[in-house]
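A short write-up of the structure that comes next.
In full-length UniProt numbering, the protein residues as written are 1 to 305.
Laid out in structure tokens, this is it:
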């Protein structure tokens with residue numbers, strides 16, 4: 001007998017009848033008639049070629065074959081039920097990979113998404129690895145960061161950097177911070193240990209009097225942003241990732257210009273055959289209306305050189 005011809009319905013009825021040792025009680029649990037249960041058991045026995053029950057006057061007991069089969073049927077049905085439950089959960093659950101530098105922005109997006117789609121659960125994994133390989137990594141969807149959009153990816157927004165700091169830092173220092181040269185009087189917060197962001201921005205702003213090697217180093221953009229919020233110094237921040245902090249005044253962008261680095265954030269879905277239903281919903285939502293790429297507090301823009 002192959003799985004294609006396996007009498008699953010009959011085996012389910014057999015398991016219930018064997019539990020009660022009564023066709024009448026089994027029929028009551030299954031919402032069937034006693035005759036229907038008896039017929040299904042008879043058909044199952046005919047298909048298997050051996051009896052499963054010994055039928056005596058006012059007494060039903062398992063045959064030797066029935067006793068041998070029952071534990072296997074019970075385990076198989078239990079495993080099948082777990083599989084069906086997992087499939088139901090997977091329909092509305094997606095595993096998302098994202099770069100750690102986008103965590104602050106992404107957490108706000110997830111909170112807003114859950115209010116619109118409370119039935120979809122998003123499992124977020126934030127990593128320093130900014131790419132994705134669906135063939136090797138256990139994710140349904142990814143947000144990537146880099147100079148190129150991966151295959152299957154669609155642009156979310158371009159990276160645009162500008163100096164940011166807390167209002168408290170300006171009040172405490174009493175120093176002006178209105179042009180790139182003024183940065184020489186403040187601690188630069190580096191979101192990466194290679195100091196590349198500040199080097200790139202200062203070069204593009206022609207701020208030759210500011211030493212890009214000075215300041216405090218951090219491992220992640222999120223750490224640098226937390227330090228900026230606490231008034232530790234001036235960091236470079238992406239105007240889209242920090243949209244809420246800038247709009248609320250928790251951070252200020254005291255000067256232009258904004259630097260378009262040539263890098264971008266993209267949402268990437270796997271190829272056909274691996275996409276679960278929730279992925280399309282979430283990806284479409286992320287690609288919805290975007291914040292302005294030229295906020296009012298930025299007067300000039302420049303491209304990376």
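For every residue, glycine included, the Cβ atom is placed at its ideal position computed from N, Cα and C.
Residue i to residue j span [Cα, whole Å]
i: residue 310; j: residue 86; result: One cannot answer for residue 310 here, as it falls past the ends of the chain, which runs 1 to 305.
i: residue 228; j: residue 244; result: 15 Å
i: residue 257; j: residue 117; result: 38 Å
i: residue 191; j: residue 198; result: 9 Å
i: residue 67; j: residue 17; result: 12 Å
i: residue 79; j: residue 73; result: 10 Å
i: residue 217; j: residue 285; result: 35 Å
i: residue 99; j: residue 194; result: 18 Å
i: residue 36; j: residue 63; result: 21 Å
i: residue 52; j: residue 84; result: 27 Å
i: residue 177; j: residue 277; result: 49 Å
i: residue 264; j: residue 129; result: 15 Å
Closest Cα partner of residue i within the set the options
i: residue 358; options: 177, 11, 223; result: Outside the modelled stretch of the chain, which goes from 1 to 305, sits residue 358, for which no answer is possible.
i: residue 70; options: 157, 231, 156, 15; result: 15
i: residue 288; options: 96, 49, 157, 79; result: 157
i: residue 43; options: 13, 63, 28, 122; result: 13
i: residue 222; options: 262, 103, 267, 136; result: 103
i: residue 166; options: 181, 155, 186; result: 186
i: residue 136; options: 270, 278, 277; result: 270
i: residue 173; options: 268, 120, 232; result: 232
i: residue 127; options: 59, 209, 144, 250; result: 144
i: residue 49; options: 7, 260, 129; result: 7
i: residue 155; options: 262, 26, 278, 19; result: 262
Exposure label - residue i; buried when at least 16 CB within 10 Å
i: residue 57; result: exposed
i: residue 40; result: buried
i: residue 133; result: exposed
i: residue 106; result: buried
i: residue 147; result: exposed
i: residue 252; result: buried
Identified DSSP bridge partners for residue i
i: residue 145; result: 265
i: residue 190; result: 217
i: residue 127; result: 99
i: residue 238; result: 161
i: residue 122; result: 94
i: residue 154; result: 267
i: residue 252; result: 165
Neighbour flag for residue i against chain B, beta carbons, 8 Å
i: residue 242; result: Of the protein chains in the structure, only one exists, and it is not chain B.
Completely contained beta strand (DSSP E) runs for the region 46 to 75, where each covers 3 or more residues: 53 to 56, 59 to 62
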